[in-house]
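Colleague: Attaching a single structure in structure tokens format; questions to follow.
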Amino acid sequence: MKILAIETSCDDTSVAVVEDGKHVVYMKTVSQHNAHKLFGGIVPEIASRKHLDVIYDLTREVLQSLDTNIENSLKQVGAIAVTFTPGLTGSLLVGLNFAKGICLANNIALVGVHHLKAHVAANYIDNKGIKPPFLCLLVSGGHTCIVKAENYIKFRVIGKTRDDAVGEVFDKITRISDIPDCLNIDMMAKDIHEENKEIKFTIPKLENFDFSFSGMKTQAINYIKSKKKAGEVAFNLRHTVFKYLTEKLLEAAKKNNCNKVAISGGVASNLYLREMILKECRKNKIDFYAPEPKYCTDNAAMIGVQGYFEFINGNISQLDLNAYDSKSEIAKMF
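Residue numbers 1318 to 1651, in my numbering, belong to the letters of the sequence shown in order.
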């Protein structure tokens, strides 16, 4: 069964066709990075307008991967999966309303997909062996949590950040650094090969599997302002944060008698983090899974995968489905 998937939750427009919840037939993503970099962050109004500019042509290109005749392509599509929460409301509405229009005009089922569920589902793409139940560390620009996938559509949050997400912390440190053309924490730390023992970060002692990163963010900012080398601060911060994430994930796996763990989200594409978790999993005889890096960041393929499982379990949306931002109660409901 083929699913046409649309993702517009933030600043990337992505469309894909996914077959049987695991095979990506075709995917195309258009980034808005250059449109927002002058502002030091994502501007919601610009984001939604940029989605409008490209979504029609992007969808047409993806559908033509099935058949040059769009009408024939749509006949092969069993359902349309689209992100409806969480994200920027304007951006979500562009993708959601576009999907509704196609569904209405062609009598195709609509499947609303929770963006965070889809990040977990990215692990199923061309990944032989992983099946629920398992634990997943979801770590991105806007979210950091440990989730248990009970089955393909039921999830339970084991632990989550009480303040900042990891991606937010790294982005903040990158922006205030004096390193020219620095895009991420890895670029900041690329010339540093060992820890500076004078730069230390306090790891919060929380009894459960929750996280807290605001203190480490403040310490990092203060180190940079006190003229410590930004690269050394980035190196130490990255190591401390990733060690913290790894220890919490492994602790949660043991407590929940789970011998399978996975990672997902934009930060999960980081090789340093992947290697650290893999090393600890091998020590503890726990199976470790991770999506290809291109499926870690926001993409339509993961929406199509989760949409497939929602569809075959009868979770079909009505055409009055609305979009909900990250603060809504629906967004918080896995």
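Beta carbons are placed, not taken as given, at the ideal position from N, Cα and C, and that holds for glycine. For clarity, every value in this text was computed on a predicted model and none was experimentally measured.
Mind checking whether residue 1462 and residue 1478 have CB atoms under 8 Å apart?
Modeller: On the sequence shown, position 145 is the one that residue 1462 refers to. On the sequence shown, position 161 is the one that residue 1478 refers to. Contact: yes.
Colleague: Distance check for residue 1502 and residue 1361, CA to CA, integer angstroms please.
Modeller: Counting from 1 along the sequence shown, the entry for residue 1361 is found at position 44. Counting from 1 along the sequence shown, the entry for residue 1502 is found at position 185. Roughly 24 Å separates the two Cα atoms.
Colleague: How many Å lie between residue 1540 and residue 1580 at the Cα?
Modeller: Working through the sequence shown from its first residue, we reach residue 1540 at position 223. Working through the sequence shown from its first residue, we reach residue 1580 at position 263. Roughly 30 Å separates the two Cα atoms.
Colleague: Across the segment 1596-1605 and the segment 1399-1406, are there enough close Cβ pairs to call them in contact, namely three or more that are closer than 8 Å?
Modeller: As far as the Cβ criterion goes, the segment 1596-1605 does not touch the segment 1399-1406, which means the pair count is below three.
Colleague: Where does the unbroken alpha helix (DSSP H) through residue 1599 begin, and where does it stop?
Modeller: By 1-based counting over the sequence shown, the position of residue 1599 is 282. Its alpha helix (DSSP H) spans residues 1588-1600.
Colleague: Which partner residues does residue 1456 have in the DSSP bridge list?
Modeller: Numbered from 1 along the sequence shown, position 139 holds the residue referred to as residue 1456. According to DSSP, which records beta bridges pairwise, residue 1456 is partnered with 1461.
Colleague: Using a Cβ-Cβ cut-off of 6 Å (strictly less than) and excluding sequence neighbours within five positions of residue 1438, which residues of its own chain qualify?
Modeller: In the sequence shown, residue 1438 corresponds to position 121, counting from 1. Here the set comprises 1619, 1622, 1623.
Colleague: How many Å lie between residue 1390 and residue 1384 at the Cα?
Modeller: By one-based count along the sequence shown, residue 1390 stands at place 73. By one-based count along the sequence shown, residue 1384 stands at place 67. One C-alpha to the other measures close to 5 Å.
Colleague: Secondary structure at residue 1480, three-state DSSP: helix, strand or coil?
Modeller: Translated into positions along the sequence shown, residue 1480 becomes position 163. Three-state DSSP puts residue 1480 in coil, outside helix and strand.
Colleague: Restricting to Cα atoms, I'd like to know which of 1519, 1415, 1378, 1387 is closest to residue 1400.
Modeller: Taking the first residue of the sequence shown as 1, we reach residue 1400 at position 83. Nearest of 1519, 1415, 1378, 1387 to residue 1400, Cα basis: 1415.
Colleague: Checking the sheet assignment: what are the DSSP bridge partners for residue 1336?
Modeller: Walking along the sequence shown from the start, residue 1336 turns up at place 19. Looking at the DSSP assignment, residue 1336 forms a beta bridge with 1319, 1340.
Colleague: Just to confirm the assignment, what range does the beta strand (DSSP E) spanning residue 1580 have?
Modeller: Along the sequence shown, one-based indexing puts residue 1580 at 263. Where residue 1580 is concerned, the enclosing beta strand (DSSP E) stretches over 1577-1581.
Colleague: To which residues does DSSP link residue 1604 through a beta bridge?
Modeller: Reading the sequence shown from its first residue, position 287 is the one you call residue 1604. Its beta-bridge partners are 1577.
Colleague: With a threshold of 6 Å on Cβ separation, who are the neighbours of residue 1643 within its own chain once the five nearest residues in sequence on each side are excluded?
Modeller: Sequence index remark: in the sequence shown, residue 1643 carries index 326 (1-based). Result list for residue 1643: 1403, in chain order.
Colleague: Whole-angstrom Cβ separation of residue 1562 and residue 1464, contact assumed at under 8 Å?
Modeller: In the sequence shown, the residue the question calls residue 1562 occupies position 245. In the sequence shown, the residue the question calls residue 1464 occupies position 147. In fact, because the Cβ distance is near 13 Å, the residues do not count as touching under 8 Å.
Colleague: For residue 1634, count neighbouring C-beta atoms within 10 Å of its own C-beta (all shown protein chains included) and say buried if the count is 16 or more, exposed if not.
Modeller: Counting from one through the sequence shown, the residue named residue 1634 turns up at place 317. Result: buried.
Colleague: For residue 1514, which option in 1490, 1557, 1445 has the closest C-alpha, if you only look at C-alpha atoms?
Modeller: Locating residue 1514 in the sequence shown gives position 197, where the first residue counts as 1. Comparing Cα-Cα distances from residue 1514 to each of 1490, 1557, 1445, the minimum goes to 1557.
Colleague: Taking all protein chains shown into account, do 16 or more other C-beta atoms lie within 10 angstroms of the C-beta of residue 1610, making it buried, or fewer, making it exposed?
Modeller: The residue you call residue 1610 lines up with position 293 of the sequence shown. It counts as exposed.
Colleague: May I have the straight-line CA-CA distance separating residue 1337 from residue 1469, to the nearest angstrom?
Modeller: Taking the first residue of the sequence shown as position 1, residue 1337 is located at position 20. Taking the first residue of the sequence shown as position 1, residue 1469 is located at position 152. So the two alpha carbons sit approximately 13 Å from each other.
Colleague: Span of the beta strand (DSSP E) holding residue 1401?
Modeller: Numbered from 1 along the sequence shown, position 84 holds the residue referred to as residue 1401. Residues 1394-1402.
Colleague: Among all the DSSP beta bridges, which residues are the ones paired with residue 1466?
Modeller: Taking the first residue of the sequence shown as position 1, residue 1466 is located at position 149. Residue 1466 pairs with 1451, 1472.
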